[in-house]
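Colleague:
Numbering (the numbering used here), first residue to last: 226 to 670.
1) Pick helix, strand or coil for residue 559, following the three-state DSSP scheme.
2) Less than 8 Å between the C-beta atoms of residue 555 and residue 569, yes or no?
3) Would you mind giving the Cβ-Cβ distance between residue 422 and residue 334, rounded to the nearest angstrom? I have them listed as a contact below 8 Å.
4) Are the beta-carbon atoms belonging to residue 511 and residue 484 less than 8 Å from one another?
5) Could you tell me whether the region 250-267 touches the region 504-521, using the rule of 3 or more Cβ pairs below 8 Å?
6) Relative to the alpha-carbon of residue 226, which residue among 283, 252, 254, 255 has its alpha-carbon at the smallest distance?
7) Hey, quick one: how far does the alpha helix (DSSP H) through residue 206 stretch, first residue to last?
8) Would the region 293-303 count as touching the region 588-597 if we require 3 or more Cβ pairs under 8 Å?
9) Is the region 232-242 touching the region 466-484, taking contact as three or more C-beta pairs under 8 Å?
10) Examine the Cβ distances between the region 623-631 and the region 640-648 and report whether three or more of them are shorter than 8 Å.
11) In the structure shown, what three-state DSSP assignment does residue 377 receive?
12) Quick check: the Cα distance between residue 450 and residue 408, rounded to an integer number of angstroms?
13) Going by Cα to Cα distance, which pick from 286, 598, 425, 420 is closest to residue 233?
14) Kindly give me the distance between the Cβ atoms of residue 322 and residue 399, rounded to whole angstroms, as I take these residues to be in contact under 8 Å.
15) If you reduce the DSSP assignment to three classes, tell me which class residue 334 lands in.
16) Once DSSP output is grouped into helix, strand and coil, what is the label at residue 459?
17) Near residue 656, what residues of its chain come up, given a Cβ to Cβ distance below 7 Å and the 5 sequence neighbours on each side ignored?
18) Distance check for residue 251 and residue 459, CA to CA, integer angstroms please.
19) Are the CB atoms of residue 475 and residue 443 nearer to each other than 8 Å?
20) Since residue 257 is in the alpha helix (DSSP H), which residue starts that stretch and which ends it?
21) Can you tell me whether residue 564 is helix, strand or coil according to DSSP?
22) Keeping to the same chain, check which residues put their C-beta closer than 8 Å to that of residue 325; ignore five residues upstream and five downstream.
23) If you measure between the beta carbons of residue 437 and residue 388, is that distance less than 8 Å?
24) Using a Cβ distance threshold of 8 Å, determine whether the region 617-625 contacts the region 595-604, with at least three qualifying pairs required.
25) Please report the distance separating the alpha-carbon of residue 378 from that of residue 446.
26) For the putative contact between residue 608 and residue 440, defined by C-beta atoms under 8 Å, what is the C-beta separation to the nearest angstrom?
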């Protein structure tokens with residue numbers, strides 16, 4: 226059954242690739258590729274995970290979810306232009322982040338990470354967890370987060386919490402400026418200060434004993450480069466080739482970083498102890514296996530949106546004293562003598578909260594939303610009218626990359642913190658970008 230599952234996923238990906246004229250970052254194409262890739266990597270653990278027992282109903286549910294996402298994507302793409310239409314190359318001047326903003330962003334990045342680091346250290350010490358070395362301390366903090374049900378933003382000091390969000394927003398904005406200047410060939414050495422500000426975000430993620438934000442950063446980078454390069458080259462096949470080349474390099478760097486972080490975060494004590502095959506496959510493919518195990522013993526939520534909208538429930542509880550707080554992490558699984566973690570693809574949360582039809586409905590809505598946004602931004606980029614929508618889309622695109630692993634969009638953005646970050650990002654964009662960028666000329670290369 227699992228081999229048939231792979232064949233179906235490959236067929237869906239190739240079909241979408243043809244339908245969307247080999248536009249590899251069109252949301253339906255990207256989502257179907259991500260599922261095929263993650264499922265394909267899982268073959269490495271075929272015996273360990275007993276994939277020969279893969280449930281036929283699971284195949285039906287996942288394939289249905291992908292197809293419905295693609296259906297929503299088709300209707301969302303109704304406004305699409307001719308994909309092979311050529312457009313005159315567009316030229317931009319540099320986007321300059323003034324010195325004051327640069328200094329303020331650096332101060333926020335340093336102070337935010339230092340303050341949060343001492344908060345993590347204090348929590349580990351107060352609760353009596355092991356703290357011999359930074360790696361062990363970070364791993365202890367990870368255990369604390371997993372064990373204490375409601376550990377989250379509300380347990381972090383307010384000032385530190387606000388700084389953390391500014392660190393994220395500043396990095397997202399500076400990544401936009403940095404890649405804009407590179408793709409439009411306006412890079413200068415002083416842009417290295419932007420790179421420093423960008424790095425504060427993954428550093429913060431490491432202090433949180435997490436790595437997910439690094440994938441978010443890479444997802445945003447891919448889409449920003451895609452649109453900037455297409456504007457620069459006039460929407461031709463050159464960009465697809467560049468994205469494949471640079472995407473492969475970025476993915477390689479991501480894998481190497483992911484392996485190194487296993488030691489830094491205390492997941493393993495040394496490289497000799499690290500089984501790279503087991504470690505990588507667990508995070509790339511285990512969600513697809515775990516979703517199958519979940520469907521064989523499904524658990525239904527007690528309340529509306531308990532797993533899908535924990536941030537929304539937190540808002541109701543904290544500000545209106547309605548309902549209860551729910552832990553964002555799901556329960557881990559032990560299977561066939563292996564620790565399988567607690568990721569189940571994004572479908573798990575939708576299915577547990579709303580059943581099969583609810584899961585399909587959410588998939589359709591998200592497929593429609595992402596494809597519509599993608600096509601609108603593409604249409605505006607032809608006219609050189611891209612604005613904040615491009616930055617926001619690139620930031621939210623993490624959901625497409627993350628779908629075979631976990632639900633990210635509805636968990637992280639439908640919350641006070643998520644809404645706050647988007648508002649601040651928009652304000653900073655208006656101040657730092659909208660008033661700065663100028664169109665110099667449109668001409669053929």
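Glycine residues also receive a C-beta, built at the ideal position from the N, C-alpha and C atoms.
Modeller: Based on what the coordinates show:
1) strand
2) yes
3) 6 Å
4) no
5) yes
6) 283
7) Given a span of 226 to 670 for the chain in the structure shown, any question on residue 206 remains unanswerable.
8) yes
9) no
10) no
11) With a pLDDT of only 46 at residue 377, under 50, the local geometry of the prediction cannot be trusted, and the value read off the model is given with reservation. It is coil, neither helix nor strand.
12) 7 Å
13) 286
14) 7 Å
15) helix
16) coil
17) none
18) 17 Å
19) yes
20) 252-266
21) strand
22) none
23) no
24) yes
25) In this prediction, residue 378 scores a pLDDT of 46, lower than 50, which makes its location untrustworthy; the coordinate-derived value is nonetheless stated afterwards. Roughly 26 Å separates the two Cα atoms.
26) Their Cβ separation, rounded to whole angstroms, is 32 Å, which puts residue 608 and residue 440 out of contact at 8 Å.
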